[in-house]
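Chains as they are written, first to last, in my numbering: chain A, 35 to 337; chain B, 1498 to 1857.
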């Protein structure tokens, strides 16, 4: 009797033992948890965007929102628009970008083309990293300490731009550096072999090759500083009217408009807050789209 | 590699006294043909043509310009510390309270400043650490999901979705947090206080406004630092050596076991430093916390349901009304402490990531 059973059993155990139930369960639990983590992150994103759209969309569709300021309107009065704040946001960030972009690109060129492994280059990389993590309020306090307390200038939109420069430079350096590093060395060596001086190689060969990625990085950095609020709270006061002069007087910006209208408990106030919020998101989205477009247009032709 | 002494090299060999730029096109065929048999770069020619001298000047100028920019950034960080210190010292010297241990922050009267950072520090650390505790596991999960679980075709759009989270301005998170999220969290907060109130973290707090608490602020902050943690962790996980993964698979590991024995050990230090960068961001977050946290008169008790102010939110709330240098100096002193704090956390994070060899 027992011999037949022995014959039925294989002489050698199977090479592949099936996965035990415990391991299967653990594997399944991990998969569920990991997927849940992703969903958990998507919930607030959708929720925030939905809130902004639901509360703000009707406001930005009103006539005058994009072309009028809030000049002369009482807190509870509906109407008016965010033109003054849109102008302020665009102006302050564009001035910051105009200053930060050349500095950032030069620093990136130094790190990639000249620094090699010198001590200064290592220090620069480290400081750029630190600058990336600097709180915007500290940047604003620094500009206050130098520009207003020591040099004696008044609070102005330009001071805000200076603080934004501090926040934008590291982002530009990082993205430009990354782009310059992927330019093949063959291109540089070919130019050198033809007797092109190094600076001209960089300006005429390396930068045009990397331009597409650099522009994307700059637009993304611009989009990032547009949402900053802390420098405005410290370095410029809010104005409900249009002020074109960045060097003098109070100037609104979208984040500042939202902060100020927080003190306005009426429905008009809440409309303005969410209207400004959706306007800010729209402007940032437009700049990100421009970034995507620029990178497509300027991408180097590949064969 | 790019630092070869090439200035005006072959330009002198072929042409002399030609307009700069022109020799380039003229020598292309020559250089191309000669390449194989000349080997290493030619020595500089004995006689320098006029064009080469001026391009060397251009080179020197350019090198000076870019090196100067590099030095400028290094100097900038030093300048930030220095100027904040210069502005803060006079106020700290006339401070009637102990700067490190006082819980007051009274700067009404510049002749009688009473301020200290203890409460600010405690609130800042508690809200940031709470946010980190919430965001770390979720961030890890997302990074694993995007690199190991999501179908390759969807991983990129999913990753983009997380990046959108980083693009939402923090003021909008703040508004959403206090106006939309806080009322929803209210029952949760009530349940925690009722059932776990004995533990100091969940004790009923001093925030007069419902939802304007460290609890709400920490949750919003967690959402805000999630993209930072995720993006760097994801980058590191993607670099897990293919051979490690395949070796694990060959031993019959399940997907989870592959993660445990190949992906996690490789990416651990990257994950830790990503979390610390997130912490650095949380410590300095300003406007969202300014909007959410309620101002309170009583000292911070350590409960998640307290109000209060962080360094950044305190400065943002009060700075606009200041009209004298001494009172401003008190806030700048607080800002300096925040600067040192974030500097330390960020530097540590970079040190960890540098040692792991992964670039972020």
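The beta carbon of each residue, even a glycine, is placed where N, CA and C say it ideally should be. Just so it is clear, the structure is predicted and the values come from calculations on it, not from any experiment.
The segment 1819-1831 of chain B makes contact with the segment 1576-1596 of chain B; the number of CB pairs closer than 8 angstroms reaches 3 or more.
Burial check for residue 1692 of chain B: the Cβ neighbour count within 10 Å stays below 16, so the residue is exposed. At a cut-off of 8 angstroms between beta carbons, residue 263 of chain A contacts chain B.
The alpha carbon of residue 1702 of chain B has as its nearest neighbour, out of B:1841, B:1659, B:1773, B:1793, the alpha carbon of B:1793.
Inter-residue distance for residue 303 of chain A and residue 113 of chain A is about 11 angstroms (C-alpha atoms, whole angstroms). Within chain B, the C-beta atoms nearer than 7 angstroms to that of residue 85 of chain A come from 1673, 1677, in chain order.
By the Cβ criterion, the segment 120-129 of chain A is in contact with the segment 287-299 of chain A, since at least three pairs of Cβ atoms, one from each stretch, lie closer than 8 angstroms. For residue 149 of chain A, the closest Cβ of chain B is nearer than 8 angstroms. Straight-line spacing of the CA atoms in residue 1763 of chain B and residue 1736 of chain B works out to 9 angstroms.
Within chain B, no C-beta atom comes less than 7 angstroms from the C-beta of residue 126 of chain A; the nearest is roughly 14 angstroms away. Between the segment 1783-1791 of chain B and the segment 1801-1820 of chain B there are three or more inter-stretch CB-CB distances shorter than 8 angstroms, so the stretches are counted as touching. Taken through DSSP and simplified to helix, strand or coil, residue 1803 of chain B comes out as coil. For residue 1816 of chain B, the number of other beta carbons within 10 angstroms of its own is at least 16, and it is reported as buried. For residue 1778 of chain B, the enclosing alpha helix (DSSP H) stretches over residues 1761-1781.
Annotation: residue 1621 of chain B to residue 1749 of chain B spans about 47 angstroms, alpha carbon to alpha carbon. Chain A places no beta carbon closer than 8 angstroms to that of residue 1768 of chain B, leaving this residue out of the contacts.
Secondary structure of residue 1611 of chain B (DSSP, three-state): strand. Here the alpha carbon of residue 1601 of chain B sits roughly 23 angstroms from the alpha carbon of residue 1839 of chain B.
For residue 1717 of chain B and residue 166 of chain A, the gap between their C-alpha atoms comes out near 21 angstroms.
For residue 58 of chain A, the uninterrupted alpha helix (DSSP H) segment begins and ends at 55-94. Residues of chain B whose Cβ lies closer than 8 angstroms to the Cβ of residue 307 of chain A are, in chain order, 1672.
Excluding residues up to 5 positions away in sequence, 1724, 1727 lie with their Cβ nearer than 6 angstroms to the Cβ of residue 1659 of chain B in the same chain. Out of A:103, A:60, A:90, the CA that lies nearest to the CA of residue 276 of chain A is found in A:103.
Linking residue 1827 of chain B to residue 1560 of chain B through their CA atoms gives a straight-line distance of about 42 angstroms. For the pair of segments examined, the segment 1708-1715 of chain B was found not to touch the segment 1644-1657 of chain B: the number of CB pairs separated by less than 8 angstroms stays below three. 8 angstroms or more divides the Cβ of residue 62 of chain A from the Cβ of residue 309 of chain A. In this structure, the alpha-carbon of residue 268 of chain A lies about 8 angstroms from that of residue 171 of chain A.
Exposed is the label assigned to residue 50 of chain A, since fewer than 16 other Cβ atoms lie within 10 Å of its Cβ. By the CB criterion at 8 angstroms, residue 1642 of chain B and residue 80 of chain A fall outside the cutoff. Around residue 1555 of chain B, the beta-carbon contacts reaching into chain A at under 8 angstroms are 231, 233, 234. Counting only the Cα atoms, residue 106 of chain A lies some 48 angstroms from residue 1633 of chain B. With a cutoff of 8 angstroms on beta-carbon distance, residue 1577 of chain B and residue 1836 of chain B are scored as near each other. At least 8 angstroms separates the CB of residue 1730 of chain B from every CB of chain A.
With fewer than 16 other Cβ atoms from the protein chains shown falling within 10 Å of its own Cβ, residue 1593 of chain B counts as exposed.
At a cut-off of 8 angstroms, the C-beta of residue 1684 of chain B has no neighbouring C-beta in chain A.
Only buried fits residue 158 of chain A, as 16 or more other CB atoms lie within 10 angstroms of its CB.
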